[in-house]
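Here the sequence shown is numbered in the numbering used here, starting from 473 and rising by one per residue. Built from N, CA and C at the ideal position, the CB exists for glycine as well.
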Amino acid sequence: MADAGPASAPPNQPRRNCVVPLHSHSRVLAMASIFQAFPQLRTAAPRLSRRLFVCRPCLNAPVRSAIAASRSSAPGPSLAQSLRWNSTQSLRSTATIGPSRAGSSVLAGAADTAGRSSSSSYPNVSSKSVAYWLLGSAASVFGIVVFGGLTRLTESGLSITEWRPVTGSLWPGSEEAWESEFNKYRSSPEFAQLNSSMTLPEFKQIYFMEWAHRLWGRVIGVTFLLPTAYFIARKRVAPSTAYKLVGICGMIGFQGVIGWWMVKSGLKDDLFDPGSHPRVSQYRLTAHLGAAFAVYCSMVLTGLSILKEHRMLADPAKAAEKLKTLQHPALRVFRGSVTGLVLLVFTTAMSGALVAGLDAGLIYNEFPWMGLGLTPPKKELFDPFYSHVPDQSDLWWRNMLENPSLVQLDHRVLATTTFTAIISLFAYTRFSKGVRSKLPKDAQKGVLGVVHLVSLQVALGISTLIYMVPTWLASAHQAGALALLTGAVVLYSRISMPRRAILRQVMNSPAPRTHAVPHINTRVEAAKAAGKSL
């Protein structure tokens, strides 16, 4: 009887006397893996085709979003990785079946995601580029706020007596144009009462300050409006972020209107008291600064929220633990305190705008005393001179907003309250065991940063008062106010809860799979080992 050789070996045993090339064996195993995954592919393919081929012009966008969503929602290996991994395994190995099913689940998830993308292609989370652009725009707003303060301190804000949104951005290029602008300024109350001896070169200096301030504002408007339209048209932002961007665009446009409304109050005699120093209305100045602060905070908070959502979705398990910690009752109280702190810092800054508008920093240039005591006399604080009605029913609020002595006292009280509140919040995070053990590290650093900022701001404020409001100190004090508000907003961002959509996505994220795709070197070694065993 002839020797059967390798053909007589049992079917489950490898043929030890037959040498099969490694690439041929891998090809056979890959084909076998495809046949094993065929039942799942057959059920997933019709659904995938129905939901992908919805609109020919928009065919590529759903596919790309489906692949990206499937990668983020399925931490396991993809179908191609599964086939490459299975090619190094035995045909009857149980490891071959698991990844193949995972591959079919990836296809099924891609089909579902593509179907959802066809109906609404806006992402759940805005692109990181949107966040970086928002933070860059916020930095530009920070700069224009400081430069606007310098424009006011150098008394340059009333040098341009017209508001031309388009043609006003052009610099006067001829002597005739300069003479025309100078003649317009000569007709203003500021020139008649304060700068009657001003020459044309001196006028050019203050004109440049106001012109640069207005041009900067136009640049901010254009560089925010056009990218907003681009990001929304290209569907790079979430729907909620799109509404916020449109709202910020409206606020920027409204800010330009408020700016001219403020300047206009200093160009007419009937808009301020007869014989008084020509200046813009302190109410309109406060509104102008408050609108700028609101635009700035909106940009910062929106940009930080987008980056925070990306970090949470990158590691859902860690994010879920942090969210559970933030829901602790002690941190809820802390979060409410930080919200109140943001409002308190904003209110203190607005009271500083009233001080600047009334030049109230030029009186009582000592601290903490105001004259012979901590406060001026009561008759000086509530002077009937500022009442505009016979029954003096407006005595208290007009003195609080128009009396320089009481306005400065109000700012002192608010500043002291802000400093005390921040120090108390810092002590609460250090000595309360419940808060100290639960508060995230980034929030602890945020509290410490706010303490440093408020300490610097108090030093700048007292120095500005004692030295009778020098330009550089007053400008630094205004920048410090916005920096302190930034620190409070950043702290609020770190302890705030995300949007409900992100919260559900984090909480419903699948647990990470126990099996992972081996490294490329591991697969090569496994293939070599399989070849040696043949």
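| Item | Value |
| --- | --- |
| Can you grab the Cα-Cα spacing for the pair residue 810 / residue 892, in whole Å? | 13 Å |
| Under a three-way DSSP split, which group does residue 738 fall into? | coil |
| Give me whichever residues DSSP pairs with residue 842 in a beta bridge. | 845 |
| For residue 954 and residue 819, what's the separation of their Cα atoms in angstroms? | 12 Å |
| How is the alpha helix (DSSP H) around residue 771 delimited, first residue to last? | 754-786 |
| What would DSSP say about residue 726, mapped onto helix, strand or coil? | helix |
| With distances taken from CA atoms, which of 655, 594 and 724 is nearest residue 688? | 724 |
| Look up residue 831 in the DSSP assignment and say whether it is helix, strand or coil. | coil |
| Roughly how many angstroms separate the alpha carbons of residue 753 and residue 709, rounded to a whole number? | 40 Å |
| From residue 889 to residue 595, what distance separates their C-alpha atoms? | 43 Å |
| Say whether the stretch 643-656 touches the stretch 664-680, bearing in mind that this needs 3 or more beta-carbon pairs closer than 8 Å, one atom from each stretch. | yes |
| In whole angstroms, give me the CA-to-CA distance for residue 777 and residue 638. | 34 Å |
| Please list, in chain order, all residues of the same chain as residue 598 whose beta carbon is under 6 Å from its beta carbon, the five residues on each side excluded. | 709, 710, 713 and 778 |
| Can you tell me whether residue 662 is buried or exposed? The criterion is at least 16 other CB atoms within 10 Å of its CB, across all chains shown. | buried |
| What three-state label does DSSP hand residue 626 in the structure shown? | coil |
| Under the three-state reduction of DSSP, which class applies to residue 710: helix, strand or coil? | coil |
| Decide if residue 831 is buried, meaning its Cβ has at least 16 other Cβ atoms within 10 Å, or exposed. | exposed |
| So, does the CB of residue 934 fall closer than 8 Å to a CB anywhere in chain C? | In the structure shown, chain C does not exist; there is a single protein chain. |
| Which residues mark the beginning and the end of the alpha helix (DSSP H) in which residue 876 is found? | 876-903 |
| Select from 798, 944, 685 and 648 the residue whose C-alpha is nearest the C-alpha of residue 632. | 685 |
| Flag this pair as touching only if the stretch 824-844 and the stretch 901-916 have three or more C-beta atom pairs under 8 Å; answer yes or no. | no |
| Check whether the stretch 782-799 and the stretch 866-874 are in contact - that is, three or more C-beta pairs closer than 8 Å. | no |
| Which whole-angstrom value is the C-beta distance of residue 961 and residue 773, which I expect to be below 8 Å? | 6 Å |
| Helix, strand or coil: how does DSSP classify residue 481 here? | Residue confidence is low: residue 481 scores 48 on pLDDT, short of 50, so the model does not pin down where it sits. Its coordinate-derived value is still stated next. Residue 481: coil per DSSP, three-state reduction. |
| Which of the three DSSP states, helix, strand or coil, is assigned to residue 935? | helix |
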